[in-house]
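Student: Please see the structure below; I have some questions.
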Amino acid sequence: MSATVLAEIAAEPTGYPLREWIDHLRPVVVDMVVGQLADAGLVTPTAERSLLRRTYRYPPVDLLVAAGGRAEIRGAVLGPAKPDVYNVSLALLAWHLGLDDLCEPQLDRRMLRAWLDRAAKPMPPAATEVLAAVEAAVAASVYGGERR
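In the UniProt record's numbering, the protein residues as written are 1 to 148.
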C-alpha cells in the first residue's frame, strides 16, 4: 500500500500541500485497507442506506482480535515491563487518531500523555519521523483551513 501511495506522489510533477494529498489519497487508501482487512477475514464491509446517502461500516468478525491492539497498548502502559518500540508506536498512533481513552479508568488523558512523552524519548529517529508525519496528517485533515 505504501508503495502505491508513494509512487502516485512521486509521479506528480507539481508539489501540493499536505491537505490536498490527504483529500486525494483518502478514498484510495481507505479502499485498500478495507480490502486487505476483508480479504484477511478481519472485517465484514456492510452498507447502510439512509434517506440521502449510503454509510459504510466495517464491523470486526472476531471481537477478541479487534480488541487486541487496545489490549497490547494497555499492557504496555499499565504493565511493569519497559515497552518496546512497537507498543509505543501503536500507542502514539492511537493517541494521534484521537483514541485517548485507551487506559481509562486507570489513567486519565493527562497521565497517558505523560507516559507517552516518557516512553517516546528513546524511539529510533525513523519511528519518530513516521509518527510526526502521522500527527501532521491527522492535524491537517482535522483542521482543514489554510495555515498562513
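Glycine residues also receive a C-beta, built at the ideal position from the N, C-alpha and C atoms.
Distance, Cα to Cα, A3 vs R113?
Tutor: Position 3 of the sequence shown holds residue 3. Position 113 of the sequence shown holds residue 113. In a straight line, the C-alpha of A3 is about 32 angstroms away from that of R113.
Student: Who does P60 pair with in a DSSP beta bridge?
Tutor: Translated into the one-based positions of the sequence shown, residue 60 becomes position 60. BP columns for P60 point to V43.
Student: Tell me which same chain residues have a C-beta within less than 6 angstroms of the C-beta of R19, skipping the five on either side of it?
Tutor: Your numbering for residue 19 matches position 19 in the sequence shown. The answer, listed in chain order, is A140.
Student: Using a Cβ-Cβ cutoff of less than 7 angstroms, which residues in the same chain neighbour P45 once the five nearest sequence positions on both sides are dropped?
Tutor: What you label residue 45 is simply residue 45 of the sequence shown in a count that begins at 1. So the list reads V34, A38, Y56 and Y58, once near-sequence residues are dropped.
Student: So, are the CB atoms of L116 and A132 less than 8 angstroms apart?
Tutor: Residue 116 sits at position 116 when you count from the first residue of the sequence shown. Residue 132 sits at position 132 when you count from the first residue of the sequence shown. Result no, Cβ atoms of L116 and A132 do not sit closer than 8 angstroms.
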